[in-house]
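These protein sequence lines map, in sequence, to chains U and W. Using the working numbering, you'd call the opening residue of the first sequence number 4 and step up by one each time. Using the working numbering, you'd call the opening residue of the second sequence number 8 and step up by one each time. So the structure is just underneath, and the comments pick up after that.
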Amino acid sequence: MQIEDFLLMRHEILLTLGILIILMADLFRPHGRESSFSGLAIGLMAVITLAGLLPVPQGSLFGGMYVSTPLFTLVKNVLTMGTLIVFLQAHSWMTGPLTLRRRSEFYILLMSTLLGMYFMISSGNFLMLYIGLELASIPVAAAAAYDKFRMDSAESGMKYILSSAVSSAILLYGISLIYGATGSLYFERVAAFYTGTPVQMLAFVLFFSGLAFKISLVPFHLWTADVYQGAPTGVTSYLSVVSKGASTFVLLVLLYTVFSKIALLWQPMLFVVAVVTMVVGNLFALRQQHMRRFIAFSSISQAGYILVGLAAGNQLGMSSVVYYILVYVCSNLGVFGVISAIEHATGKLRMDDYNGLYHTNPRLALLMTLSLFSLAGIPPVAGFFGKFFLFAAAAQQGMYVLVILATLNTIISLYYYLLVVKAMFINSNNTPVPFFRTCCVTRTGLVLCALGLVVLGFAAVVYQQMFDMSFGL
Amino acid sequence: MDVPVHFFLMLSAAMFFIGVFGFIIRRNMITLLMAVELMLNAVNINFVVFNRFLYPDYFEGFFFALFAIAIAAAETSVAIAIIINVYRKIRSIEADDVAEMKH
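In C-alpha cells form, the structure reads like this:
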C-alpha cells in the first residue's frame, strides 16, 4: 500500500481536517470573546465541496474495508453540497442572539455526522458500515438537543437517541445473523453466500428494519414528526435531507449488491412498505399546521416515492434514486430555507402565519412555491423529472400497480402542498409576516436551492452521468 | 463437556427479546437504556459464539463485538447527557412526562 493510496479517502481526510480546524479555532479563541464560527465553517465546507469535484481514482483500501467508486464520490459531493447549503441557511441563526454560546459545537457535530455518512457510503464491510452509521446518528441526537433552554429540543434529542439506539440494536442483530449464516462480514463474500436460507431471510428483515428506522419508512416512522418539530430548524433540515439521503443511498447499494440474490424476497416487501409509507405520510401531512411537522410527514411520503424506484431493481432504478436524492436536497432545503428565514425574522412557524406572505415577501414566497412544486412533481421544476424517472423505472419492470398507487399518492400530496401555496398567495391576513431582508449569506443558500431546482431539471448531462455510473441487479 | 452452540443462541435470542419487551413496556428512561443495553449484549454474544464455534479461523466476530461495546458506550453517554438535561427542566425521567409535542 502506497502513501498515494490515501488520496482515495480525500473527502474523509479533508473533512476530518476541517473538524479539527474548527475545534482548534474554538480552543484558541481569545478569552472572553464569543466569536461566530459560521464564516469559517462555510469557508471550509466550500473548499471541501470544490475539492470533491476534482476527479478521484477508483479503488479500495484496507483490504476491502473502504471502497471508492465514481458513483460513491458523486453521492458524497451531493451530501457535501447539501451540508454547505444548510450551513449557509443557518448563518443568521448562528450569528443571532439565540445561540450566543457553544457556537462551534453545531458545526463540529454536523460535520462529524457527515464524516460518518462518508464512511457508511464507502464501506465494504459490515463493521465499517455500522461504525459509519453510528457516527452518522449519535451526533445528530446531540445536535437535536442543541437548544439547551427549550424543552422541545431536549425532548426531540431524547426521542431520537432512544429510537436510534433501538434501531441500531435491531440492525446489529441482523448483522450478527448475517455473519452466522455466511461466515464473513465483507460485502463481496456475503453476497456470494447469500442464497436465501430461512436464517438469511430473517437476518435481512432485521437489517432492513434497522435501516428503515433511519429513513423513517412507515412502521418505523413514529419518531420523525416529534424530532423534526422539536429540533432547531438547521438541524431538522440537515436530518431530513442529508441524513436521509445517505441512508437511502446505502440501502440502495446494499440491496443491489449484497442482497441481489434474494431480490424476489425484497421486491414484494418494498412494494408493501412503499405503498404504506406514501399513504400514511400523506394522510398525516393533510392535517398538520406546524410547518416543521408538516415537512416531517411530507418527507416520510417522499421516502415512499424513493422506494418505488428502489423496488424496480434495474439500472434506471438506481440512477433515478440518486437523481431524486439530489433533487430532494434542493427542494427540501428550499422549503427549509424559507421556514428558517421566517422563523428567524419573526418566530412564526404555523401555516396560518404564512397567509399573505406573497404580498409582503414575494421572493421568499416564490422560492417556497418552486420548492413545493418540486416536491409535488409539477413539470417545469426538477422534482417532476425526478418522480418521472422513479416511476419509469418501476414501470419498466412491469410494476404498474405500484406506479398507479404512487401516482394517486402524488395527487393527494399536491393537495397539501398547494394548501401552503394558497395560504401565501390567496388567503388574506391582517397581520402578515412583515417585509424583511435576510443577510446575504443566507440569501446565497436560498439562491443556490432555487438555481438547483431550475437547472437540474433541464441539464440532462447530470442525469446522464448518473445513469452511466449506475448498475442494475 | 462442551455446551452446544444452539444453547448460546437461545440465550442471546431470549436476551434480545427481553430487551425489546422491556423497551416497550417500561416508562423510565434509564430503564429504557438498560433494555437497549440488553439487546446490544445479546448481539455481542451472537458474534462471539458464531466466531468461536463456526468460524474460528478469523477473528471478525470478536472484533465486531469489541467495536459494538465501544459504540454502545458512546451512545449511552450521549443519551444520559440528554436525559440529565431533561431532568433539569421537568424534574422527572418518566418517558410519559416528556410529551410536549402531540399532534
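By construction, the Cβ of each residue, glycine as well, lies at the ideal position given by its N, Cα and C atoms. What you are looking at is a predicted structure, and each value in this text was computed from that prediction instead of being measured.
Are the Cβ atoms of residue i and residue j separated by less than 7 Å?
i	j	result
Ile303/U	Gly316/U	no
Gln292/U	Arg192/U	no
Ala397/U	Val311/U	yes
Ser240/U	Val89/U	yes
Ala463/U	Val85/W	no
Ile173/U	Ser212/U	yes
Phe1/W	Ala42/W	No information on residue 1/W is available, as it lies outside the stretch 8 to 110 that chain W covers here.
Thr3/U	Ser39/U	Lying outside 4 to 476, the shown extent of chain U, residue 3/U is not represented and no answer is given.
Val105/W	Glu158/U	yes
Leu30/U	Ala54/U	no
Gly386/U	Asn432/U	no
Val178/U	Phe223/U	The displayed chain sequence assigns Ile, not Val, to residue 178/U. Cβ distance not < 7 Å, so Ile178/U and Phe223/U don't count as in contact.
Leu40/W	Arg33/W	no
Ile265/U	Gly350/U	no
Ala478/U	Gln203/U	Residue 478/U falls outside the range modelled here, since chain U spans only 4 to 476, and no answer is possible.
Going by Cα to Cα distance, which pick from the options is closest to residue i?
i	options	result
Tyr403/U	Val278/U, Leu47/U, Gln5/U	Val278/U
Tyr110/U	Ser187/U, His347/U, Thr19/U, Tyr189/U	Thr19/U
Ser416/U	Gly448/U, Asp355/U, Ala288/U	Ala288/U
Leu459/U	Val332/U, Leu411/U, His362/U, Phe428/U	Val332/U
Phe23/W	Ser171/U, Val276/U, Val256/U, Phe388/U	Ser171/U
Ile25/U	His14/U, Leu47/U, Phe9/U	Leu47/U
Ser126/U	Lys79/U, Leu378/U, Thr200/U, Ala157/U	Lys79/U
Val244/U	Leu370/U, Ala306/U, Val406/U, Trp269/U	Ala306/U
Gly2/U	Val341/U, Leu273/U, Phe300/U, Lys162/U	Because chain U spans 4 through 476 in this model, residue 2/U falls outside it and cannot be assessed.
Ser246/U	Met120/U, Leu77/U, Val436/U, Ser107/U	Met120/U
Tyr94/W	Met161/U, Ser95/U, Tyr357/U	Met161/U
Ala79/W	Pro222/U, Gly67/U, Ala168/U, Pro33/U	Ala168/U
Ala21/W	Tyr176/U, Pro60/U, Ser115/U, Phe75/U	Tyr176/U
Ala453/U	Thr441/U, Leu411/U, Thr434/U, Val384/U	Val384/U
Met427/U	Ala206/U, Thr445/U, Met371/U	Met371/U
Met321/U	Leu209/U, Ser71/U, Phe75/U, Gly66/U	Phe75/U
Ala147/U	Leu136/U, Leu132/U, Met131/U, Ile164/U	Ile164/U
Report yes or no: is there a C-beta of chain U within less than 7 Å of the C-beta of residue i?
i	result
Phe54/W	yes
Ile78/W	yes
Met35/W	The residue asked about is misnamed: residue 35/W is Asn in this sequence, not Met. Not closer than 7 Å to any Cβ of chain U, the Cβ of Asn35/W fails to qualify, so no.
Glu107/W	yes
Tyr94/W	no
Ala101/W	Before going on, a small fix: residue 101/W reads as Glu here, not Ala. So, not an interface residue.
Ala86/W	yes
Phe23/W	yes
Ile32/W	no
Met46/W	yes
Val12/W	no
Phe69/W	no
Leu18/W	no
Leu73/W	no
Phe57/W	yes
I'd like to confirm the pairing. Which residues does DSSP put opposite residue i in its beta bridges?
i	result
Glu346/U	DSSP lists no partner for Glu346/U.
Arg353/U	His293/U
Leu64/U	Tyr69/U
Asn35/W	Glu101/W
Ser126/U	Tyr69/U
Tyr189/U	Asn128/U
From residue i to residue j, what does the alpha carbon distance come to, in whole angstroms?
i	j	result
Leu393/U	Thr83/W	39 Å
Asn51/W	Phe71/W	8 Å
Phe439/U	Asn364/U	7 Å
Ser334/U	Lys390/U	13 Å
Leu73/W	Ala344/U	45 Å
Ile134/U	Leu91/U	28 Å
Pro382/U	Ile298/U	21 Å
Leu64/U	Leu11/U	8 Å
Leu138/U	Leu45/W	21 Å
Lys217/U	Leu267/U	24 Å
Ala194/U	Tyr259/U	10 Å
Leu23/U	Leu113/U	13 Å
Cys442/U	Gly380/U	30 Å
Ser140/U	Thr116/U	7 Å
Glu107/W	Met294/U	16 Å
Pro73/U	Pro60/U	8 Å
Arg296/U	Tyr231/U	6 Å
I'd like to know whether the C-beta of residue i is nearer than 7 Å to at least one C-beta of chain W.
i	result
Glu346/U	no
Ser179/U	yes
Val70/U	no
Asp150/U	no
Ile111/U	no
Met131/U	no
Using a Cβ cut-off of 7 Å (strictly closer), state whether residue i contacts chain A.
i	result
Ile91/W	In the displayed structure, chain A is absent; the protein chains listed are U and W.
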